[in-house]
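Line by line, the protein sequences are chains A and B.
Take any residue in the first sequence, count from 1 to its spot, add 55: that is its number in the working numbering.
Take any residue in the second sequence, count from 1 to its spot, add 3: that is its number in the working numbering.
Here's the structure we're looking at; comments come further down.
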Amino acid sequence: MIPSAYSPEAARGLWVFLEQEGGQLEGVALELLGKGRELAQARGVPLTGLLLGQGVEGAARQAIAHGADHVLVAEDPLLAPYTTDAYANVATQIVLDRKPETLLLGATPNGRDLAGRLAVRLRTGLTADCTGLAWEGDTGLLLGEVSGFGGGVMASIKCARHRPQMATVRPGIFPLPSPDPERAGRIELVPVSLEAGEIRTEILERVRHEGVDITRAKVLVAGGRGVKGDFGPLTEFARLLGGEVGASRIACDLGWIGRDRQIGQTGFVTRPKLVVVCGISGATQFTVGIKAAGLIVAINSDPEAPIFEEADLCVVDDLFPILEALIAELKRGMP
Amino acid sequence: MKALDIIVCVKVVPKPEEVTVHAETRTLDRAQARSELNPPDMNAIELALALRERHGGTVSLLSMGPPFAAPYLEVGLAMGADRAYLLSDRLFGGADTLPTSFALAKGIEKIGEWDLVLCGEESSDGATGQVPAGIAEWLGCSQITYAMDLALLPDGRLRGEREIRGGHEVIAVPLPAVVSVKLGVNEPRFMDMERRRSPEPVTVWSAGNLGVDPAWLGFEGSPTVVGAVWQAKSPERQRRFLEGMPQEKARLLAEQIRAAVSPQ
Ligand SMILES: Cc1cc2nc3c(=O)[nH]c(=O)nc-3n(C[C@H](O)[C@H](O)[C@H](O)COP(=O)(O)OP(=O)(O)OC[C@H]3O[C@@H](n4cnc5c(N)ncnc54)[C@H](O)[C@@H]3O)c2cc1C
Ligand SMILES: Nc1ncnc2c1ncn2[C@@H]1O[C@H](COP(=O)(O)O)[C@@H](O)[C@H]1O
Numbered sequence: 056m057i058p059s060a061y062s063p064e065a066a067r068g069l070w071v072f073l074e075q076e077g078g079q080l081e082g083v084a085l086e087l088l089g090k091g092r093e094l095a096q097a098r099g100v101p102l103t104g105l106l107l108g109q110g111v112e113g114a115a116r117q118a119i120a121h122g123a124d125h126v127l128v129a130e131d132p133l134l135a136p137y138t139t140d141a142y143a144n145v146a147t148q149i150v151l152d153r154k155p156e157t158l159l160l161g162a163t164p165n166g167r168d169l170a171g172r173l174a175v176r177l178r179t180g181l182t183a184d185c186t187g188l189a190w191e192g193d194t195g196l197l198l199g200e201v202s203g204f205g206g207g208v209m210a211s212i213k214c215a216r217h218r219p220q221m222a223t224v225r226p227g228i229f230p231l232p233s234p235d236p237e238r239a240g241r242i243e244l245v246p247v248s249l250e251a252g253e254i255r256t257e258i259l260e261r262v263r264h265e266g267v268d269i270t271r272a273k274v275l276v277a278g279g280r281g282v283k284g285d286f287g288p289l290t291e292f293a294r295l296l297g298g299e300v301g302a303s304r305i306a307c308d309l310g311w312i313g314r315d316r317q318i319g320q321t322g323f324v325t326r327p328k329l330v331v332v333c334g335i336s337g338a339t340q341f342t343v344g345i346k347a348a349g350l351i352v353a354i355n356s357d358p359e360a361p362i363f364e365e366a367d368l369c370v371v372d373d374l375f376p377i378l379e380a381l382i383a384e385l386k387r388g389m390p
Numbered sequence: 004m005k006a007l008d009i010i011v012c013v014k015v016v017p018k019p020e021e022v023t024v025h026a027e028t029r030t031l032d033r034a035q036a037r038s039e040l041n042p043p044d045m046n047a048i049e050l051a052l053a054l055r056e057r058h059g060g061t062v063s064l065l066s067m068g069p070p071f072a073a074p075y076l077e078v079g080l081a082m083g084a085d086r087a088y089l090l091s092d093r094l095f096g097g098a099d100t101l102p103t104s105f106a107l108a109k110g111i112e113k114i115g116e117w118d119l120v121l122c123g124e125e126s127s128d129g130a131t132g133q134v135p136a137g138i139a140e141w142l143g144c145s146q147i148t149y150a151m152d153l154a155l156l157p158d159g160r161l162r163g164e165r166e167i168r169g170g171h172e173v174i175a176v177p178l179p180a181v182v183s184v185k186l187g188v189n190e191p192r193f194m195d196m197e198r199r200r201s202p203e204p205v206t207v208w209s210a211g212n213l214g215v216d217p218a219w220l221g222f223e224g225s226p227t228v229v230g231a232v233w234q235a236k237s238p239e240r241q242r243r244f245l246e247g248m249p250q251e252k253a254r255l256l257a258e259q260i261r262a263a264v265s266p267q
């Protein structure tokens, strides 16, 4: 056995890593607070948020409103932008000092960048990309539900003797809790020791577009290679339905549309009421991202396309005339 | 500027669509599944070869897996890699990300000469991109995860463009470094025996060759255990095919769509 940094007997409490950007909590951090609240209650432990950054006072209050009992805040100008070294060094200090039993993080690019590094530094187990979390009845261990092999196989993973039990969770899995601004909670500033020399990464440029969050869309119109670069009709159709446009990986790889709209294993897992899938073949790596949708409509010119196995309403046809007619139909019913 | 010695970590995985769960034993049935080089790792190999073309140096492949992985590493050699190493031993079996990244880091140290380790974004059989950061931690060096592009700066540091949520950033780190390469960032070249650089076969190392405590490897070295395994069940879908002219299909669809999105 690779020795754990501390023992299960010494460990206590459920922590959520509160990823923030410019003082705003990431959506998945709020989702984790919602689920964390439920898990903490069931186990009779407080829910603690771990918040690293600069000028994150408002984010700490936001965390309490969304379910945290206690927020540990580490503030330092060197923590303002995310870097692996700064975040891993500070998180390690605080975790080793306070010894949480469980540490949950969002499976965003930076959340994963940190989680993989931290798990090895703490010599503990990491259940990555969970689609569900629960306590195991008799042992009280965290059970992380994960999917593998392109989404075809599910498994539950636990970490028996190493602490903290770490897990990352994909954005969009748990519902967003509604905030209660009156909720009481404690904000504690923790001193950090961090020097510029510890940070090997230099950030040369950083671009954030206020991208869409397709995990919250009620209606998605998704396009793949079959749209041949023209997302125009899909965008118009989505707008008429008050929805958003999504895409297969190939459509994103080809630069036809932004990566923030990618659905699937390496994109987002979505759960809209309706998804209209246009010109997408239906590989498991894609369909894992729409499994939980209410109604699935598929439009594909190939009658053998696997997407039809996963669809409620199937249209074997060229997607463009169908969309054109659909747009006309919807406009007709409008004032 | 100096030449770059690059190690690419590649995994041989079963084709995801061919893996099933045994209904009774509830264990994975991989016996019927054919294997392949993990597709994201092909992007890492391609990037390594492109960097070698630009800067000179070597590209070595490193994999941990069963003996049958060796022929798949030959694919990488035929794409133009200089050497290939396979860590293969029963003691490596059943490893989660902690002992996997540990064994790979030990393999990298044993190869010896290296400036840069490239990994794929994630392995398609279940893990999710946690190994590269783990390797970086065991080796104590910098990391760039989800890199879309890499270049050497005149001062010898590595410049990488990486994905962040809703955008991207460009960062510079000192070498040596570990990088995970974003899936689909390039078109991996085809294998071609003309590209093969060395006639040497794949070098196979056992746990003993790495000189590490076997308790830090494989199943025994893994903090996590798999409880239950089951086949993912998607809700039964209607699979109703609409017939008629495009106009007719659209009318039927519009009806159903309105019902689906109307409140309640
Ligand atoms: C590790 C890994 C992770 C991956 N993650 C993802 C992921 O997150 N998301 C994802 O989407 N993929 C992912 N993939 C890729 C996935 O396996 C498929 O390659 C991809 O989903 C295919 O995209 P597509 O359906 O748009 O393209 P194609 O498979 O090329 O399908 C295009 C479809 O369009 C149809 N078509 C063409 N023209 C028309 C027309 N005029 N009208 C109607 N239909 C038309 C064709 O019949 C065809 O079915 C991943 C792969 C790997 C290896
Ligand atoms: N057994 C292995 N052998 C070689 N490389 C591996 C192995 N497991 C993971 N990797 C590397 O780490 C990347 C991410 O894998 P994972 O963290 O398992 O999703 C892969 O794309 C490979 O580059």
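No residue lacks a Cβ here, since even glycine has one placed at the ideal position from N, Cα and C.
Keep in mind it's a predicted model, so treat the numbers as computed, not measured.
Task: Enclosing alpha helix (DSSP H) for G79/B [first to last residue] - done: Run containing G79/B: A73 to M82, per the alpha helix (DSSP H) assignment.
Open item on the list: Report the CB separation of C12/B from C122/B in whole angstroms; it is logged as a contact under 8 angstroms.
Closed with: At roughly 5 angstroms, the Cβ-Cβ gap stays under 8 angstroms, so C12/B and C122/B are in contact.
TODO: Establish whether the CB of K14/B and some CB of chain C are separated by less than 8 angstroms.
DONE: The displayed structure is made up of protein chains A and B, and chain C is not among them.
Open item on the list: Looking at A146/A: is its Cβ nearer than 8 angstroms to the Cβ of L169/A?
Closed with: Between A146/A and L169/A, the C-beta spacing is below 8 angstroms.
- [ ] List in chain order the residues whose CB is within less than 5 angstroms of at least one heavy atom of ligand 1.
- [x] Result (chain order): G279/A, R280/A, G281/A, S303/A, R304/A, I305/A, G319/A, Q320/A, T321/A, G322/A, G334/A, I335/A, S336/A, A338/A, Q340/A, F341/A, N355/A, S356/A, D357/A, A360/A, D373/A, L374/A, P42/B and S127/B.
Open item on the list: Can you check whether the C-beta of H269/B is within less than 8 angstroms of a C-beta belonging to chain A?
Closed with: No statement about residue 269/B is possible, as the shown extent of chain B runs from 4 to 267 and does not include it.
- [ ] Please indicate yes or no: does the CB of M67/B lie closer than 7 angstroms to some heavy atom of ligand 2?
- [x] True, at least one ligand heavy atom lies under 7 angstroms from that Cβ.
Open item on the list: For a test of the three-state rule: what should DSSP assign to R160/B, helix, strand or coil?
Closed with: Per DSSP, reduced to three states, the secondary structure at R160/B is coil, with no helix or strand assignment.
TODO: From the DSSP output, in three-state form, read off P327/A for me.
DONE: Note: P327/A maps to coil in three-state DSSP.
Task: Through-space distance from D44/B to Q241/B, alpha-carbon basis - done: C-alpha separation (whole angstroms): 37 angstroms.
Open item on the list: Under 7 angstroms: does the beta carbon of A13/B sit that close to some heavy atom of ligand 2?
Closed with: It is worth fixing the name first, because residue 13/B is Val in this sequence and not Ala. Relative to the non-hydrogen atoms of ligand 2, the Cβ of V13/B comes within a distance shorter than 7 angstroms of at least one.
Open item on the list: Using a Cβ-based criterion (distance less than 7 angstroms to any ligand heavy atom), does T103/B qualify as near ligand 2?
Closed with: Indeed, a heavy atom of ligand 2 lies less than 7 angstroms from the Cβ.
Open item on the list: Just list the residues that DSSP pairs A129/A with in beta bridges.
Closed with: DSSP lists L107/A as partners of A129/A.
Open item on the list: Considering only heavy atoms of ligand 2, does any lie closer than 7 angstroms to the CB of G187/B?
Closed with: G187/B Cβ: outside cutoff for every heavy atom of ligand 2.
Task: Coil, strand or helix - S211/A by DSSP - done: In the displayed model, S211/A falls within a strand according to three-state DSSP.
Open item on the list: Tell me whether the segment 204 to 214 of chain A and the segment 93 to 100 of chain A touch, counting them as touching only if at least three CB pairs, one residue from each stretch, are closer than 8 angstroms.
Closed with: At 8 angstroms Cβ cutoff, the stretches do not touch.
- [ ] Buried or exposed for V262/A, please, with buried defined as at least 16 other CB atoms from any protein chain shown within 10 angstroms of its CB.
- [x] Exposed is the call here.
Open item on the list: Is A95/A a contact residue of ligand 2, with contact defined as CB to any heavy atom under 7 angstroms?
Closed with: For A95/A, the CB stays at least 7 angstroms from every heavy atom of ligand 2.
- [ ] Starting from S202/A, follow the beta strand (DSSP E) in both directions and report where the run begins and ends.
- [x] Looking at the DSSP string, the run of the beta strand (DSSP E) that includes S202/A is L197 to G203.
TODO: Please say whether L40/B and G79/B have beta carbons closer to each other than 8 angstroms?
DONE: Yes, the pair counts as a contact, with Cβ atoms nearer than the cut-off.
TODO: Answer yes if the segment 210 to 222 of chain B comes into contact with the segment 84 to 103 of chain B, meaning at least three C-beta pairs across the two stretches below 8 angstroms, and no otherwise.
DONE: The segment 84 to 103 of chain B vs the segment 210 to 222 of chain B: in contact.
- [ ] Kindly list, in the order they appear in chain B, the residues whose Cβ is closer than 9 angstroms to that of V274/A.
- [x] Going along chain B in sequence order, the residues near V274/A (Cβ under 9 angstroms) are I260, A263 and V264.
Task: Neighbourhood of T206/B by C-beta distance below 8 angstroms, restricted to the same chain and skipping five residues each side - done: Here the set comprises R86, A87, Y88 and L89.
- [ ] Within the segment 10 to 67 of chain B, note down every full alpha helix (DSSP H) run reaching 4 residues or more, in order along the chain.
- [x] Taking only runs of at least 4 residues, the alpha helix (DSSP H) segments lying wholly in the segment 10 to 67 of chain B are 42 to 58.
Open item on the list: Using CA atoms only, rank isn't needed, just tell me which of P219/A, L151/A, L198/A and L244/A is closest to G108/A.
Closed with: The option with the nearest alpha carbon to G108/A is L244/A.
TODO: Please go through the same chain and pick out, in chain order, the residues whose beta-carbon is closer than 7 angstroms to the beta-carbon of R255/A, but skip the five residues on each side of it.
DONE: Correct list, in chain order: D140.
Task: DSSP three-state assignment for M221/A, whether helix, strand or coil - done: Strand.
- [ ] Count the other C-beta atoms from every protein chain shown that fall within 10 angstroms of the C-beta of H25/B, then say buried if there are 16 or more, exposed otherwise.
- [x] Classified as exposed, H25/B has fewer than 16 neighbouring CB atoms from the shown chains inside 10 Å of its CB.
TODO: Flag P288/A as yes if its beta-carbon sits less than 8 angstroms from any beta-carbon of chain B, otherwise no.
DONE: So no, P288/A is outside the interface.
Open item on the list: According to DSSP, is R178/A part of a helix, a strand, or is it coil?
Closed with: Here R178/A carries a coil assignment [DSSP, helix/strand/coil].
- [ ] Report the partner residues of Q146/B according to the DSSP bridge assignment.
- [x] Beta-bridge pairing links Q146/B to V181/B.
TODO: For my contact list, L368/A and Q259/B are in at a C-beta cut-off of 8 angstroms; report their separation, rounded to the angstrom.
DONE: Rounded, the Cβ-Cβ distance is 6 angstroms, consistent with contact.
- [ ] Say yes only if the C-beta of T227/B is nearer than 7 angstroms to one or more non-hydrogen atoms of ligand 2, and no if none qualify.
- [x] Checking the Cβ of T227/B against ligand 2 gives no.
Task: Neighbour flag for P376/A against chain B, beta carbons, 8 angstroms - done: Judged by the 8 angstroms Cβ criterion, P376/A is in contact with chain B.
Open item on the list: For a cutoff of 8 angstroms on Cβ pairs, would you count L186/B as touching chain A?
Closed with: Yes, L186/B lies at the interface with chain A (some Cβ there is under 8 angstroms from its Cβ).
Open item on the list: Are the CB atoms of L87/A and F229/A within a distance shorter than 8 angstroms?
Closed with: Yes, the pair counts as a contact, with Cβ atoms nearer than the cut-off.
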